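Here the structure is laid out as C-alpha cells; the discussion comes afterwards.
Number of protein chains: 2
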Amino acid sequence: MEPNPVLPSLGQEPELLKTVLNKEGFRFTSQRQKILDLFQSSALGHHLSAEEIQRQLLDQGEKISFSTIYRALHVMVRLDLLQELELAEGRKYYELNTPCMDQHHHLVCVHCGAVQEFDEATMTQVGQSESTARGFSLLNCTFTVYGICPSCQSLLS
Amino acid sequence: MEPNPVLPSLGQEPELLKTVLNKEGFRFTSQRQKILDLFQSSALGHHLSAEEIQRQLLDQGEKISFSTIYRALHVMVRLDLLQELELAEGRKYYELNTPCMDQHHHLVCVHCGAVQEFDEATMTQVGQSESTARGFSLLNCTFTVYGICPSCQSLLS
DNA sequence: GCTTTATTGAAAATCATTTTCGCTATTCAT
DNA sequence: ATGAATAGCGAAAATGATTTTCAATAAAGC
Ligand SMILES: [Mn+2]
Ligand SMILES: [Mn+2]
Ligand SMILES: [Zn+2]
Ligand SMILES: [Zn+2]
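Each protein sequence line maps, in turn, to chains A and B.
Residue 148 in our numbering sits at position 143 of the first sequence, with consecutive numbering throughout.
Residue 11 in our numbering sits at position 6 of the second sequence, with consecutive numbering throughout.
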C-alpha cells in the first residue's frame, strides 16, 4: 500500500487538481480530491472499481455517494488523470493514467481476478502503425491477456 | 454479406452443430441453429450483439426471445464456436471463433463505432510469453485499438 | 459579499443481461 | 416407434452496475 513514487504528483498538492479542473470549467471539490488521493495512495498496479472506492473512503470515515463517485471518475478520465479499464466482467476499473509512451498492459486470472501488469513497447508501436495505416487517429490501445494464475491452477488440478 | 468461405463449416450442415452440442450434454434446437446460421451468413469481420441478432432474425421471420439468444450465445462460447468481444461500451459482441493461432484484433472508431480487423502474429506471441513467464496458463488475449476513423475525422474537423 | 451555476446526495430510472416458471421439445432407453 | 426424464423455450419479473433527476449546497469570479 505504498504511495506511488513514479508518477508526476498531480493532485498530490491540492493546487494542481484545482488548476486542472478549473482550466476546463469544472469545479474543485473535496470529494474529487479525496477520490484522487485514494488512487495516489493505493498500491502501484492496483485497480479500483466504484464500489471499492466507496468502501475504502468509508473505511477512512468519508461517506461519498455513488453518483458523486461516478461523476468524479468520468471527469478525471476526461481530464486524462485516470484511465478506465475493462478487466473483468460486469464492472469497470480505474487507475492513475500513465503517459501514452509508458502504457502498460494487463494479465488477468479469470478464476480469482488477480491482475498483473507488464510493459511492452511493441504493443504501442503496433497500435500506432495499425491505426496510421488505416487513417485512424490513435486514442489508446489496450492489450489484455486472460489466463489462470499459478495458485488457481494448483487449486483446480 | 457473403458467407464466410474461410472458416471450417461448423454448423453449416445441421449434423455438426448437433454433434458438438450433444457431446457436451446440450440439446440441438432450431433456435441455436438459426443463430449460428446468422453468424455463418453475415459478412466476414462483422460483429453481432444480442439485439442485432434478434432484429436480423425477426427480419427473416424468426421470432426468438432474448433469454434464448443469450443462452445460445453462452453455450456456443463455451463450445468454442463463438467468441465474446468487448468492443464498445455497454454491450457485448459476438463473432465466429477463429483458432487461437489465427487470432485477430480490432481497431474501433470511438465516434461512429466502425470496427476494422487486423492480424498480428506478434500479439499472440507476446501474450504467450508474458503468461508463461508468470506461470499463467493462457486462455486468450485481446488487443483493441481505439481511435477516430478517417470519415469521422473529416466530419469533426 | 453576492450572483451564478456546477456539484452533491438520495432516490428513482435505465438498460443490458439473467433468472424464474410453466410448458414444450429433444434425447435416449425400451 | 413410444415414453420417461429433463434441457430448452418464451414471457415476464428480477438483477445490478451505472445514470439521471431534483432540491439543496457550495465553488468561482466579480
Ligand atoms: Mn494497470
Ligand atoms: Mn473480429
Ligand atoms: Zn487466480
Ligand atoms: Zn468513425
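For glycine and all other residues, C-beta sits at the position ideal for the given N, C-alpha and C.
Just so we're clear, the structure is a prediction, and the values are computed from it rather than from any experiment.
So which residues put a beta carbon under 5 Å from any heavy atom of ligand 1, going in chain order?
-> A:100, A:122
Mind checking residue 72 of chain A: buried by the 16 CB within 10 Å criterion, or exposed?
-> exposed
Are three or more beta carbon pairs between the stretch 105-121 of chain A and the stretch 56-73 of chain A nearer than 8 Å?
-> no
Measuring from the CB of residue 119 of chain B, is there a heavy atom of ligand 4 at a distance below 8 Å?
-> yes
List, in order along the chain, the chain A residues whose C-beta lies closer than 9 Å to that of residue 145 of chain B?
-> 150, 151, 152
Is residue 156 of chain A near ligand 3, going by C-beta to nearest heavy atom under 8 Å?
-> yes
Span of the alpha helix (DSSP H), counted from its first residue to its last, around residue 45 of chain B = 35-46
Indicate, with yes or no, if ligand 4 has a heavy atom lying under 8 Å from the CB of residue 2 of chain A.
-> As shown, chain A starts at 6 and ends at 162. That puts residue 2 of chain A outside it, with no answer to give.
Taking contact to mean at least 3 C-beta pairs separated by less than 8 Å, is the stretch 118-127 of chain A in contact with the stretch 57-71 of chain A?
-> Segment contact: the stretch 118-127 of chain A against the stretch 57-71 of chain A, fewer than three CB-CB distances shorter than 8 Å; contact not assigned.
How about residue 142 of chain A and residue 152 of chain B: do their beta carbons lie closer than 9 Å?
-> yes
Backbone CA spacing between residue 96 of chain B and residue 79 of chain B [nearest angstrom] = 14 Å
Of the choices B:48, B:68, B:45, whose alpha-carbon is the least far from that of residue 56 of chain B?
-> B:68
Please compile the residues from chain B whose C-beta is within a distance smaller than 7 Å of the C-beta of residue 123 of chain A.
-> Under the 7 Å cutoff, chain B gives 135.
Given a threshold of 16 other Cβ atoms within 10 Å of its Cβ, counted over all protein chains shown, does residue 140 of chain A qualify as buried or as exposed?
-> exposed
Under 9 Å (Cβ pairs) to chain B, residues found in the stretch 53-87 of chain A | Here the close residues number zero.
Could you check the C-alpha separation between residue 87 of chain A and residue 32 of chain A for me, to the nearest Å?
-> Taking the straight line from one Cα to the other gives about 17 Å.
Assigned exposure category for residue 24 of chain B - 16 Cβ within 10 Å defines buried | exposed
Verify the contact flag: residue 43 of chain B, CB atom, against every heavy atom of ligand 2, threshold strictly below 8 Å.
-> no
Please determine, among B:137, B:146, B:108, B:101, the residue with the shortest C-alpha to C-alpha distance to residue 53 of chain B.
-> Put simply, of B:137, B:146, B:108, B:101 the residue whose alpha carbon is nearest the alpha carbon of residue 53 of chain B is B:101.
CA-CA distance, residue 11 of chain B and residue 83 of chain A?
-> Since pLDDT at residue 11 of chain B reaches only 41, below the 50 mark, its modelled position is unreliable, and the value read off the structure follows with that caveat. Residue 11 of chain B and residue 83 of chain A have their C-alpha atoms spaced approximately 41 Å apart.
Secondary structure of residue 86 of chain B, DSSP reduced to three states = Coil.
To the nearest angstrom, how far is it from the Cα of residue 47 of chain B to the Cα of residue 45 of chain A?
-> Going by the C-alpha atoms only, they are around 47 Å apart.
Under 8 Å from any heavy atom of ligand 2, does the C-beta of residue 90 of chain B make it?
-> yes
Ligand 2 heavy atom lying under 8 Å from the CB of residue 52 of chain B = yes
Does any C-beta atom of chain A lie closer than 9 Å to the C-beta of residue 46 of chain B?
-> Chain A contact via Cβ: absent.
Beta-carbon separation (whole angstroms), residue 58 of chain B vs residue 43 of chain B, contact threshold 8 Å = About 6 Å; that satisfies the 8 Å criterion.
State yes or no: is the beta carbon of residue 115 of chain A nearer than 9 Å to at least one beta carbon in chain B?
-> yes
Per-residue burial, residue 137 of chain A [other beta carbons within 10 Å of its own, 16 or more giving buried] = exposed
Nearest-angstrom Cα distance between residue 81 of chain B and residue 28 of chain B?
-> CA-to-CA, the gap between residue 81 of chain B and residue 28 of chain B works out to about 13 Å.
Any non-hydrogen atom of ligand 3 within 8 Å of residue 116 of chain A CB = yes
So what's residue 73 of chain A in DSSP terms, helix, strand or just coil?
-> Residue state, collapsed to three classes: helix.
Quick one: Cα of residue 34 of chain B to Cα of residue 77 of chain B, how far?
-> So the alpha carbons of these two residues sit roughly 10 Å apart.
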